[in-house]
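Some notes on the structure that comes next.
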Amino acid sequence: MNRHAVFWRAALLALPLAVFGVFVVWPLLDSFYYSFTDWNGFDPRYRFVGLENFARIVTDRLFTNATVNTVIWMVLALLLPTLGGLALALLLDSRAVRGANVFKSIFYLPICLSAVVVGQIWIWIYQPDWGLLNTFIEAVTGRPETFAWLAKPQSALYSVIVAWSWQQMGLSMVIFLAGLTAVPADLTEAAAIEGANRWQKTWYVVLPMLRPATVVVVALSVINSLKGFDILYIMTAGGPFHSSDTLAMFMYNESFKKYRMGYGSAISVILFLLTLAIIFFYFRQLRKLDEIHG
Amino acid sequence: MRRISPIKAAALAGALALTGGFGGGGSALAEGEVTISHYFSGELGRAGLEKIFAKFQETKGITVKDSPIGHEDFKAGILVRAAGGNLPDVFSYWAGARTQFVVDAGNLGAIDEMWAARGLDSVVAKSVADGATMYNGARYLVPFGYHYAGMFYNTKVMAEAGVTGFPTTWSGFMALCADLKAKGVAPIALGSKNRWPAQFWFDYLLLRTAGPDYRAKLMAGEAAYTDDEVKAAMALWKELVDAGYFTPNANADDWTDASDKVARGDAAMTLMGTWITGYWNGNGLMAGDDYDFFEFPAIADGVPNAVVGPVDGLLISANAPNRANAEELLAFLVSDEESQGTWAQAQGALSPNVGVDESIYTPVMKRALAAVGNADTFAFNYDLATTPPMAEHGLAMFARFMDDPSGYEGYLADTEDGAREVFGK
Amino acid sequence: MVVFVCLCVLALLFLAPTLGVILSSLKSTREIAFGALWTLPGGLYLENFREVLAHPSVKTYFANTFLVTVPATAGSIGLGILAGYVFSKLPFRGSELLFLVIVSGMFFPPQIVLIPLFRMFSGLGLLDTLWPMIIVHVAMGIPICTLLMRNFFATVPNALREAAIVEGANEWQVLTRVALPISLPALAVLATLQFTWIWNDFLWPLIFTQSDEKRTIMLGIVSLKGQYSVAWGIQGALSLVASLPTLIVFLFFQRYFIKGMTMGAIKG
Chain P
156 MNRHAVFWRA
166 ALLALPLAVF
176 GVFVVWPLLD
186 SFYYSFTDWN
196 GFDPRYRFVG
206 LENFARIVTD
216 RLFTNATVNT
226 VIWMVLALLL
236 PTLGGLALAL
246 LLDSRAVRGA
256 NVFKSIFYLP
266 ICLSAVVVGQ
276 IWIWIYQPDW
286 GLLNTFIEAV
296 TGRPETFAWL
306 AKPQSALYSV
316 IVAWSWQQMG
326 LSMVIFLAGL
336 TAVPADLTEA
346 AAIEGANRWQ
356 KTWYVVLPML
366 RPATVVVVAL
376 SVINSLKGFD
386 ILYIMTAGGP
396 FHSSDTLAMF
406 MYNESFKKYR
416 MGYGSAISVI
426 LFLLTLAIIF
436 FYFRQLRKLD
446 EIHG
Chain H
214 MRRISPIKAA
224 ALAGALALTG
234 GFGGGGSALA
244 EGEVTISHYF
254 SGELGRAGLE
264 KIFAKFQETK
274 GITVKDSPIG
284 HEDFKAGILV
294 RAAGGNLPDV
304 FSYWAGARTQ
314 FVVDAGNLGA
324 IDEMWAARGL
334 DSVVAKSVAD
344 GATMYNGARY
354 LVPFGYHYAG
364 MFYNTKVMAE
374 AGVTGFPTTW
384 SGFMALCADL
394 KAKGVAPIAL
404 GSKNRWPAQF
414 WFDYLLLRTA
424 GPDYRAKLMA
434 GEAAYTDDEV
444 KAAMALWKEL
454 VDAGYFTPNA
464 NADDWTDASD
474 KVARGDAAMT
484 LMGTWITGYW
494 NGNGLMAGDD
504 YDFFEFPAIA
514 DGVPNAVVGP
524 VDGLLISANA
534 PNRANAEELL
544 AFLVSDEESQ
554 GTWAQAQGAL
564 SPNVGVDESI
574 YTPVMKRALA
584 AVGNADTFAF
594 NYDLATTPPM
604 AEHGLAMFAR
614 FMDDPSGYEG
624 YLADTEDGAR
634 EVFGK
Chain L
-8 MVVFVCLCVL
2 ALLFLAPTLG
12 VILSSLKSTR
22 EIAFGALWTL
32 PGGLYLENFR
42 EVLAHPSVKT
52 YFANTFLVTV
62 PATAGSIGLG
72 ILAGYVFSKL
82 PFRGSELLFL
92 VIVSGMFFPP
102 QIVLIPLFRM
112 FSGLGLLDTL
122 WPMIIVHVAM
132 GIPICTLLMR
142 NFFATVPNAL
152 REAAIVEGAN
162 EWQVLTRVAL
172 PISLPALAVL
182 ATLQFTWIWN
192 DFLWPLIFTQ
202 SDEKRTIMLG
212 IVSLKGQYSV
222 AWGIQGALSL
232 VASLPTLIVF
242 LFFQRYFIKG
252 MTMGAIKG
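Protein chains in written order, with our numbering: chain P, 156 to 449; chain H, 214 to 638; chain L, -8 to 259.
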C-alpha cells in the first residue's frame, strides 16, 4: 500500500511539478540573477555590480512613490470590489427579486471583458470634454465640468482603481452569492422569529456564515490586484509623471523604457519579497481561521 | 530546499522531454523570406506597407513576414527580443539616440557595403543621410521617411478670426495668440498624454533662444537643465500657458485628440509633426483648404534656423538569418520611388529619396519640404536627441510642466538630478 | 421594491461603460473624431463590424486565440487535477509546504519572468509559434487549478476512495472514476476562469508572437492602436467581437459556475 502511494504520488505529481518548476520557478531565479548586474537589455555584455542596484533603490524617490501607490492600490482594490460585491450579493439574495439572473449577468459581464477593452472604455468615460462622467456631473450640478480624471496626479490612480473595481465586483458578487446559498434558511427564519430586523439578521447571522466565501474573495482579489498591471498600462501607463506608478509599472518602465534591465530585476526582487510577505501573512491568517473552524 | 532539489531535477528532465516532443516548430526560415518588425500599425501605414511589400515580393520574389505593433508596445517588444537574442532581420527604429543605443549594444549589422553597392548616396537626400544614418563611423540605418514639426492650423478658424499673415517673430506670435483668444478661439491645442507631443515646444523654444549648439550639449549631458538658457526657454513656455493660450487638460489628450480639436475648430493650431497631415487627410480634410502650417517663429537674433523632426529608419540586426534578403528589402524600400511615394502619402511623411517627384505631395507637404530645405540644421526631436533614460526624465518634466507650470524651476532641478545620474556627471 | 429599483439603477450604471463601446462601434472614425462618441448614432452604421469581420487577420487572430486558449485551459486544469488529487488524498511529509510553494505562484506579477521566459523559448526555437503562450498559460494556471482542485477533492469522502481501492481500483481509476465525476462544478469554475483569463491576456502574446499570423485577438486590438492614426469605431467593434467568446463561455457554464463557486466557497 505504502509503496503504491509513493509510486502514485510521483507519477501524478511529476508533470505538474516539472512544468511549474521549469516555467515558473526557474525563470524567477533567472531573473534574480540579473538584479546584481548593470545589464541594459540590448547589450550582451554586462558587469556584476553587487548590491549597487539595491542601494540605489533605497534612495530612489520613484521607488518610494511606487511603493506607496502599490499599497494604496492593494488596499482599495481589495476593499472596493469586495464590499461592493458583498452589497450586490446581499441585494440580490432577497429571493423575491424579479429577474435576479438578469441582474447577476449584468454585474458579472465586466469580468468577461479584457483589460484592453475595459481600459479603453474607461478612458472614454473619464475624457474631460465629452466623457460620460463629466457629462453626468454637468447634468447634475448644472455647471460645466472639465476635470481631467486620468491626467491629474491627484486623481489618476484612484480613477483607475474605480475602473478596476467596476470590473472585479462581479466576481466577488458571484462568490458571495454562492456563499449565501449555503446559509440555511431556518437560521435566518429563527432570527426573524426572535425579532431580529433585516440589518441584525445580516450582521449577526449571514455575515459570519460568509467567512469561507470571504477567504476566496480576498485571495482572488489579492492575486488579481497584484496582477493589476494591464489596466494601468492601458489607462495611464503610470502617469501623469509617475503619479499612478505601482511597483510592477515602475519595474516595467525602468526595464523597458529606460533600458535598465538590471535595475528592473532588482525591483522585481523587492516585489517578489513583498509578495512573499503578503502570502505568508495571508496563509497565517487562513490557518488561524482553520483553527477557529476546527 | 535540499529536499526539493531531486524533484526539481525530475521536473527539469520532464520538461525537457516535454519540450523535446514539440521539436521542429522552431524558427528555421524557408529561403526567400525576410522578417520585419515595425511600429507602423496605424490604419493608413499598414495599408501602405501592405501595398509596398506586395510589390517587393512581386519584383524580388522574397516574402516579407511583417508584424506591426503599436508605437509604445513596440519599444518594449523590440527590447525583449534584443535581450533574448532573437531580433527580426529588419526592424524599424527612430534615428538618433535610440539607434545609437542599439548600435552601442552591438545589436546591429553595418550596411556600408550595401549602401555603396546600391549607390544610395545618390538616392538619399544628403541632409538626411548625414545626420541619421551614420553611427560610430559606420553606416547602419536606411531612412524610410522623415517628418517636420510645424505649427499646423485650421485655415477656416484663422480666416474667421481675420488672421491674414502668419508671424515670423515671437512678438508677432504672442500677438496672434492674444488676438485669437480675444476673439474667443483657443489659440493652441496640445495633447501631451503620451508626453512626447509636448517636446516640440521645448525643442523649438530652446533652439530659437539658446541655439542648436547649446541644445546639442544639453542633449549630450554637457550642459545642465538648471542653466539659465533652459530656464529662459521654459519661462517663455510658461508665459504662453499662464496667458491661457493652451487648451486646458493637455495631459488628458492624445495628439490625435488635440488634432481633432483643431480640425473641429475648437482650437486654432497645434505644434505637431507632418504625420498630422496623414491623419487629417484620412479623416477627409483637404490640405490647404482645411489646414495649413507656418514655421515656428524666430525668437532670439543671430540663432541659426533649425527645424525639428524624427527620421523613421530601418535597421538590420547583427545576426540576421536572412541578411542578403534584408539588404535587398532596405535598398528597395528607400530606392523604389513608387513605394516611397505610396509611403509618403499614406503617412504624411517626407521622402528621403531625392528622385521622388514633388508632385506626389499635397501643397502643404511641398511647403514642409521647402521649410526643411531652407533650414540651417535638421534637429531630432527631444526623445530622439537624448539617450532613452534621459528622455524619460525630460518627458516626465514636460508633462508635469503642462499640469502646473508654476513650479518649473523645481522640475528643472529634479530633471538635472536625473541627468547627473544618467550621464554620470 | 426598493431593492428592485436600487438594482435597476446599479445595473444601468454597470451597463453604461459597455454601452459606450457599443455606441462607438456603430460610428465612423470621422464621426467620433468630430466629437460624437456618446450620442446615439444617426443611422445604423455597420461598416466597422463589416470591416472587422471581413479582415483576414481577424479570422487568424480568432483561430489563434482558440488554439491557445482551449489547450491551455485544458492543460492547466489537467495538471491541477493531478496535483490537487495528490495534495488532498495522498499527502506526504512536506506536501503542505510544496502545496504552499505552488499556490504562492499565483500571486506573482508575470512581468518578473518576462525576459527569462523569452530567452528560454528563444533557445528552444519556439518563438513565433503558439507553443510559448500555451505552455506559459498552463504553467501559470497550475497554482489556481491545484488550489481549487485540492479543495474540491477534499470534499470527496475518503471512504469512497478506500472502498474503491479495496475493490482493486488503483489511484488513477479512483481519480478518473470516483473523484472527477463529482467534481464537475469545480471544473466548470476553472474552465470559466481560465478561459477568460487566457483569452483576455495580451502580455504574453505581445512578447512571444512576431508575425501577424500568430497574433491573438487582444494583441490585434492593441496593434490597431497605431502610431499615426486611430480607428476607434473599429476598435470598439473589434472589442465587442473579441469579448463574445468569454461571454458565451460564462453564460454556458453559468449554472455550474455558480454551483462550483458555492462548493468552493463553502469549503474554501
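Positions of the beta carbon are idealized from the N, C-alpha and C atoms, including for glycine.
Here residue 207 of chain L carries a coil assignment [DSSP, helix/strand/coil]. With the rule of 3 Cβ pairs closer than 8 Å, the segment 441 to 452 of chain H counts as touching the segment 612 to 632 of chain H. For the pair of segments examined, the segment 511 to 531 of chain H was found not to touch the segment 398 to 405 of chain H: the number of CB pairs separated by less than 8 Å stays below three. By a beta-carbon distance limit of 8 Å, residue 548 of chain H contacts residue 331 of chain H. Their separation comes to about 7 Å. CA-to-CA, the gap between residue 343 of chain H and residue 97 of chain L works out to about 52 Å. At a cut-off of 7 Å between beta-carbon atoms, residue 118 of chain L makes contact with chain H. Put simply, the CB of residue 163 of chain P is near chain L, with a gap under 7 Å to one of its CB atoms. For residue 107 of chain L, the enclosing alpha helix (DSSP H) starts and ends at 105 to 114. The DSSP assignment places no complete run of the beta strand (DSSP E) inside the segment 314 to 389 of chain P (cut-off: 3 residues). Closer than 7 Å to the CB of residue 571 of chain H there is not a single CB belonging to chain P. Contact between residue 193 of chain P and residue 417 of chain P is confirmed by a C-beta separation of about 5 Å, below the 8 Å threshold. Comparing alpha-carbon positions, the option among P:305, P:188, P:290 lying closest to residue 395 of chain P turns out to be P:305. Following the DSSP letters along the chain, one finds residue 304 of chain H inside the beta strand (DSSP E) bounded by residues 303 to 307. Judged by DSSP secondary structure, residue 71 of chain L falls within the alpha helix (DSSP H) whose first and last residues are 47 to 80. For residue 434 of chain P, at least one C-beta of chain L is nearer than 7 Å to its own C-beta.
For residue 110 of chain L, a Cβ of chain H is located within less than 7 Å of the residue's own Cβ. Between the segment 417 to 427 of chain P and the segment 339 to 355 of chain P there are fewer than three inter-stretch CB-CB distances shorter than 8 Å, so the stretches are not counted as touching.
With three or more CB-CB distances shorter than 8 Å, the segment 195 to 215 of chain L counts as touching the segment 261 to 272 of chain P.
In this structure, residue 240 of chain L lies away from residue 167 of chain L, with their beta-carbon atoms at least 7 Å apart. Listed in chain order, the alpha helix (DSSP H) runs fully inside the segment 412 to 448 of chain P are 416 to 447, counting runs of at least 4 residues. Under the DSSP assignment, residue 248 of chain H falls in the beta strand (DSSP E) whose first and last residues are 246 to 251. Within its own chain, the residues whose Cβ lies closer than 6 Å to the Cβ of residue 322 of chain P, once the five positions on either side in sequence are excluded, are 265, 273, listed in chain order. If you check each beta-carbon in the segment 294 to 313 of chain H against every beta-carbon of chain L, the ones closer than 8 Å belong to 294, 296, 297, 298, 299, 301. Rounded to whole angstroms, the gap between the alpha carbons of residue 291 of chain P and residue 429 of chain H is 48 Å.
Chain L has no Cβ within less than 7 Å of the Cβ of residue 589 of chain H. Annotation note: the segment 510 to 545 of chain H contains the following uninterrupted beta strand (DSSP E) runs of length 3 or greater, listed N- to C-terminal: 519 to 521, 524 to 529. If you compare the alpha carbons of P:299, P:318, P:295 with that of residue 284 of chain P, the shortest gap goes to P:299.
Where residue 289 of chain P is concerned, the enclosing alpha helix (DSSP H) starts and stops at 287 to 296.
For residue 364 of chain H, the pairing in a beta bridge is given by DSSP as H:484, H:507. For the 7 Å CB-CB criterion, residue 103 of chain L and residue 186 of chain P form a contact. The beta carbon of residue 203 of chain L is closer than 7 Å to those of 48 in its chain, skipping five residues each way along the sequence. Straight through space, the alpha carbons of residue 566 of chain H and residue 506 of chain H are spaced by roughly 23 Å. Per the coordinates, the alpha-carbon of residue 568 of chain H lies some 36 Å from the alpha-carbon of residue 42 of chain L.
The Cβ atoms of residue 237 of chain L and residue 55 of chain L do not sit closer than 7 Å to each other. In the structure shown, the three-state DSSP call for residue 376 of chain H is coil. Residue 8 of chain L carries a helical assignment under DSSP once its states are collapsed to helix, strand and coil.
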